[in-house]
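One structure is given here, and the rest of the page talks about it.
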Amino acid sequence: MALIETLDTGFGAWNPLLWLVALVVALLIAWLIRSRGESARPSGAESAKPYLSGNDAPSAEETHVGASNLYWGFTDALKGYYDRVVPIHSGILTDYVLWFIGVLALVIIMAGVL
Amino acid sequence: MFGDIPFIAAGILIVIGIVTIVTRHNLIKMVMGLAVVEAGVNLMLVATGYRDGGVAPIFTNAPSTDMVLPTVQAMTLTNIVIGIATTALLLSFVMIIYRKYGSADVRDMRRLKG
Amino acid sequence: MIWEFWSANAPALLLAIPMLGAFATPLIGRMGKTPRNLWILLITALTFVTSAVLAVEVYTTGPVIYTFGAAASSAALVSDSGGIPVRIIFNVDAMSAFMALFASFVGMVAAVFSFPSGKMESGRDGYFALLLLLLVGILGMVCTGDLFNFFVFLEINSLAGAALVAYRIDKGVAVEAALKYAFLSTLAGLLVLYAVALLYGQYDSLNIAVIAERMQFGFLDKVALALLLTGLAMKAGAVPMHFWTPDTYSMAPSAITAFLVVASQASLYGVFRVAFTLYGLTLNYVTIGWFIIILGVLSMFVGVSMAIPQKDVKRLMAYHAVSQTGYMLLGVGVGLAVLGDPVMLESFGLTAMEGGIFHIVNHAMYKGLLFLTAGAIFYQTGTRNLNKLGGLGHSMKWTMLFFVIGALAIAGIPPFNGFASKLMIYESVFAFNPLLSIIAMVVSILTLASFVKVFHAIFMGPRQERYAEVKEVPVPMLAAMGILALLTVLMGIFPQQIVDLVISPAAGALVDQGSYIASVMGGL
């Protein structure tokens, strides 16, 4: 396949064609699994209703796992890092200017002026 | 030595402006600090084109050919115009902030943070 | 006849067309909404075609010199000028043409996305005029060969960008973001101008090529270098000067955010142009190269780690923009650190630079796409809070598809475009310093993790009652997202062609300082 060329990365190579084939195969398998499912859900009052341990399921808004519920463990494990980094983003313009001036001073030193 | 005074003055103006920006908390004063920095840069630009006893660079009926450099003067004019635009924009922002937040203190302007 | 005039004056028309368009927009806006939208579409499309014409010329015949006000625009030097270019010169080499090409493209997409205005019809004419002015600023920055001219376009860029950020006042919060952006940009701009004055005072010229040829790298040049690099890196949003980025990107209208990404990249271009072309081998390239690499690594890590706990979808994406900028700084920084060593430059330096430059355009595509999907969601639901969204996959299927494409591309999942450029960066940086490469990969994984969270929070789950009314967004918005998604996929499937065609000439143009100088100084 000359059209889809291998990407030369200097040390290795990568050909998107393989991945395209893999993607198509994966989608095909997904479609196969899906097509084996029950096509029509029984439509009726009682049997179509979702239950949670015999009780009425709470509304969709309440059951949705929101963003702040995810990665709670990650941020908690890195608490020491986040407790330092988040306060730096103070939102105060003065701090922003001070960081800028500080980096400027650092570069002046690094560039070999002093 | 005396020839360097405009350059030193320009540097002092810039430092005064930056110190104003980082030490004052009133947004209007911070914008004024920025205007002082701009004045310093303008002085620096004009000073590079100055020569002792030079005349305005207009060749018609010129009393002498010792002329100051027109390029930097054109640059300064451009920067003055740009400076007016930025200062006006910044001050109008400060005005809206004061109306909506009820304060022109930089420490109160931190609803975006973290 | 017209065609010849057009291609001969492409660099000037590239700025003249959007500038004319910007100032005529309020007039045409009086005729109604549809004529104005057609006008904007025409202007942005013409600008894009002009940049394409220019790019074809640059890539086939070499750098294009355009001297303003000269009898023959291609002659940089006049015979009686003493070997100094006296006029403002646009010096469009492969790198400039590449930046201009995709900048004008993203500008067109951002304009199309803005056509359905929803409830906010007031002040739309000014909005589009400023959008075109922002385009002028970006195109001017990347095409000019004159330092003072560069400063002027930088200021146009900053002012138009800040005014657009404040467009939706939003109880003053958007104005707060705009004030921070405008204040820092102005300060950085003034310091850049101070550096320009220092260079002009020493070398009697504003032309980049002339200064590069005469560069001594004395005391004042070092000060100027520090001022230029820091100011432009701040505008590009490198950590630890990135604090304005999440504020500004999250409060600007989404189409503008997608375009502000490109505006930041124009500053990034400025960093590279200063380091490679203006100073080149005279600066202590190992130190400055490592400085850029450290900025890049910090940006990558701090950006992505700050993104993970965010609750505002656009703020989260803004932190990812900071993180992705780190990849470009890393790739090109490695190239700069080995600039003086031809063997190392040949074996991995150039590939790292190609990866970094390829990432610039990839980032503009997928990050623009992601910001546009965030805008589409905000357009329909009125909220950006991830904790309040959910179940939108049922009603906004196309937006979901585009979001998935953008998210996979930014996380570097094959076969999307983000993977191709990241792979080039990983492998070449690994040869330079394995640790940097490992950090880059970890950051990619964290990026994927954080976009899984966003995807789940917005699209997954059963249909929710509070969003029962939500439909798919209007066609122009879908078209704008669709074309970016298509390009994201295509650039991932045909990476080698793009690298060969566009990217490696751009990397070569950055490295080859001599031919940049010769293109101006050689043509007497």
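Residue numbers (my numbering), protein chains in the order written: chain S, 738 to 851; chain H, 270 to 383; chain P, 1190 to 1713. Every residue gets a Cβ at the ideal spot worked out from N, C-alpha and C, and that includes glycine.
**Request:** Check the Cβ-Cβ distances between residue 317 of chain H and every residue of chain P, and say whether any is below 7 Å.
**Result:** Residue-level contact check: residue 317 of chain H touches chain P, since one or more beta carbons of chain P fall below 7 Å from its beta carbon.
**Request:** Return the residues of the region 819 to 836 of chain S that lie within a Cβ-Cβ distance of less than 8 Å from chain H, sorted by chain order.
**Result:** Listed in sequence order: 823, 826, 827, 828, 829, 830, 831, 834, 835.
**residue 1138 of chain P: contacting residues in chain H (beta-carbon distance under 8 Å)** = An answer regarding residue 1138 of chain P cannot be provided, because it is not within the stretch 1190 to 1713 covered by chain P.
**Request:** Return the Cβ separation of residue 318 of chain H and residue 335 of chain H in integer angstroms, given the expectation that the two are a contact with Cβ distance under 8 Å.
**Result:** Actually they do not touch by this definition, with Cβ atoms about 13 Å apart.
**Request:** Would you kindly check if the distance between the Cβ of residue 1442 of chain P and the Cβ of residue 1356 of chain P is under 7 Å?
**Result:** Remark: C-beta atoms of residue 1356 of chain P and residue 1442 of chain P approach each other more closely than 7 Å.
**Request:** Look at the Cβ atom of residue 1345 of chain P, then the Cβ atom of residue 1315 of chain P, and state whether they are nearer than 7 Å.
**Result:** Inclusion of residue 1345 of chain P and residue 1315 of chain P in the CB contact set at 7 Å is not warranted, their separation being larger than that value.
**Request:** Answer yes if the region 1293 to 1300 of chain P comes into contact with the region 1259 to 1273 of chain P, meaning at least three C-beta pairs across the two stretches below 8 Å, and no otherwise.
**Result:** Because the criterion of three Cβ pairs below 8 Å is not met, the region 1259 to 1273 of chain P and the region 1293 to 1300 of chain P do not touch.
**Asked** Touching or not, the region 1295 to 1305 of chain P and the region 1698 to 1706 of chain P, by the rule of three or more beta carbon pairs under 8 Å?
**Response** No contact exists between the region 1295 to 1305 of chain P and the region 1698 to 1706 of chain P.
**Asked** Could you give the distance in angstroms between the alpha-carbon of residue 1347 of chain P and the alpha-carbon of residue 1366 of chain P?
**Response** If you draw a straight line from the Cα of residue 1347 of chain P to the Cα of residue 1366 of chain P, it is about 13 Å long.
**Message:** Closer than 7 Å between beta carbons: that is the criterion. Which residues of the region 1364 to 1398 of chain P meet it against chain H?
**Reply:** Considering only beta carbons, the part of the region 1364 to 1398 of chain P lying closer than 7 Å to chain H consists of 1364, 1365, 1366, 1367, 1368, 1371, 1372, 1375, 1376, 1379, 1382, 1383, 1386, 1389, 1390, in chain order.
**Asked** Would a C-beta distance cut-off of 7 Å place residue 1492 of chain P and residue 1521 of chain P closer than the cut-off?
**Response** Against a cut-off of 7 Å, the Cβ pair of residue 1521 of chain P and residue 1492 of chain P comes out as no contact.
**Item:** Sufficient close CB pairs (3 or more, under 8 Å) joining the region 1208 to 1215 of chain P to the region 1252 to 1261 of chain P
**Value:** No: fewer than three Cβ pairs fall under 8 Å.
**Prompt:** Using a beta-carbon distance below 7 Å, is residue 1362 of chain P in contact with chain H?
**Reply:** Yes, contact with chain H.
**Message:** In the DSSP output, what is residue 1627 of chain P paired with across the bridge?
**Reply:** Looking at the DSSP output, residue 1627 of chain P shares a beta bridge with no other residue.
**Prompt:** Closer than 7 Å, CB to CB, is residue 385 of chain H near chain S or not?
**Reply:** Residue 385 of chain H is absent from the structure shown; chain H starts at 270 and stops at 383.
**Message:** Rounding to the nearest angstrom, what Cα-Cα distance links residue 344 of chain H and residue 273 of chain H in this structure?
**Reply:** Between the alpha carbons of residue 344 of chain H and residue 273 of chain H lies a distance of about 20 Å.
**Contacts that residue 1348 of chain P makes with chain H (C-beta to C-beta distance below 9 Å)** = Residues of chain H passing the Cβ test: 351, 354, 355, 358.
**Prompt:** Which residue from H/305, H/362, H/357, H/351 puts its Cα closest to that of residue 1369 of chain P?
**Reply:** Considering only alpha carbons, the answer is H/362.
**Asked** Which residue or residues does DSSP assign as beta-bridge partners of residue 1281 of chain P?
**Response** According to DSSP, which records beta bridges pairwise, residue 1281 of chain P is partnered with P/1253.
**Request:** Would you identify the three-state DSSP class for residue 738 of chain S, choosing helix, strand or coil?
**Result:** In this prediction, residue 738 of chain S has a pLDDT of 42, which is less than 50 and means its spatial position is unreliable; what the coordinates show is noted afterwards. It is coil, neither helix nor strand.
**Asked** Would residue 382 of chain H count as contacting chain S if we go by Cβ distances under 7 Å?
**Response** Using a Cβ-Cβ cut-off of 7 Å, residue 382 of chain H counts as an interface residue toward chain S, since at least one Cβ of chain S sits closer than that to its own.
**Request:** Provide the residue span of the alpha helix (DSSP H) that contains residue 1374 of chain P, from first to last.
**Result:** From DSSP, the alpha helix (DSSP H) with residue 1374 of chain P extends over 1362 to 1392.
**Item:** Chain-ordered chain S contacts of residue 1706 of chain P [CB-CB under 9 Å]
**Value:** At a C-beta separation below 9 Å, residue 1706 of chain P has no neighbours in chain S, since its nearest C-beta there lies roughly 22 Å away.
**Request:** Assign residue 307 of chain H to one of two classes, buried (16 or more other C-beta atoms within 10 Å of its C-beta) or exposed (fewer than that).
**Result:** Burial check for residue 307 of chain H: the Cβ neighbour count within 10 Å reaches 16 or more, so the residue is buried.
**Message:** Taking the alpha-carbon of residue 1280 of chain P as reference, which of P/1462, P/1222, P/1654 has the nearest alpha-carbon?
**Reply:** When only C-alpha atoms are compared, the closest one is P/1462.
**Prompt:** Using 7 Å as the limit for Cβ to Cβ distance, is residue 1436 of chain P near chain H?
**Reply:** Yes, residue 1436 of chain P lies at the interface with chain H (some Cβ there is under 7 Å from its Cβ).
**Prompt:** At least one CB of chain P closer than 7 Å to the CB of residue 738 of chain S: is that the case?
**Reply:** Unreliable positioning characterises residue 738 of chain S in this predicted model, as indicated by a pLDDT of 42, which lies under 50. The coordinate reading is nonetheless provided below. Chain P places no beta carbon closer than 7 Å to that of residue 738 of chain S, leaving this residue out of the contacts.
**Prompt:** Near residue 738 of chain S, what residues of its chain come up, given a Cβ to Cβ distance below 6 Å and the 5 sequence neighbours on each side ignored?
**Reply:** Low per-residue confidence applies at residue 738 of chain S: pLDDT is 42, beneath 50, and the placement is therefore not dependable enough to give any value.
**Message:** Between the alpha carbons of residue 821 of chain S and residue 814 of chain S, how many angstroms are there, rounded?
**Reply:** Rounded to the nearest whole angstrom, the C-alpha separation of residue 821 of chain S and residue 814 of chain S is 14 Å.
**Prompt:** So the alpha helix (DSSP H) residue 1714 of chain P belongs to, where does it begin and stop?
**Reply:** The structure shown has nothing for residue 1714 of chain P, since chain P only spans 1190 to 1713.
**Item:** Rounded straight-line distance, which links the Cα of residue 1373 of chain P to that of residue 1354 of chain P
**Value:** Cα atoms of residue 1354 of chain P and residue 1373 of chain P: separation of roughly 14 Å, rounded to the nearest angstrom.
**Prompt:** Do you know how far the Cα of residue 1396 of chain P is from the Cα of residue 1596 of chain P?
**Reply:** Answer to the nearest angstrom: the Cα atoms are 42 Å apart.
**Request:** Can you tell me which of P/1455, P/1306, P/1579, P/1552 puts its alpha carbon nearest to the alpha carbon of residue 1662 of chain P?
**Result:** For the set P/1455, P/1306, P/1579, P/1552, the Cα lying nearest the Cα of residue 1662 of chain P is the one of P/1306.
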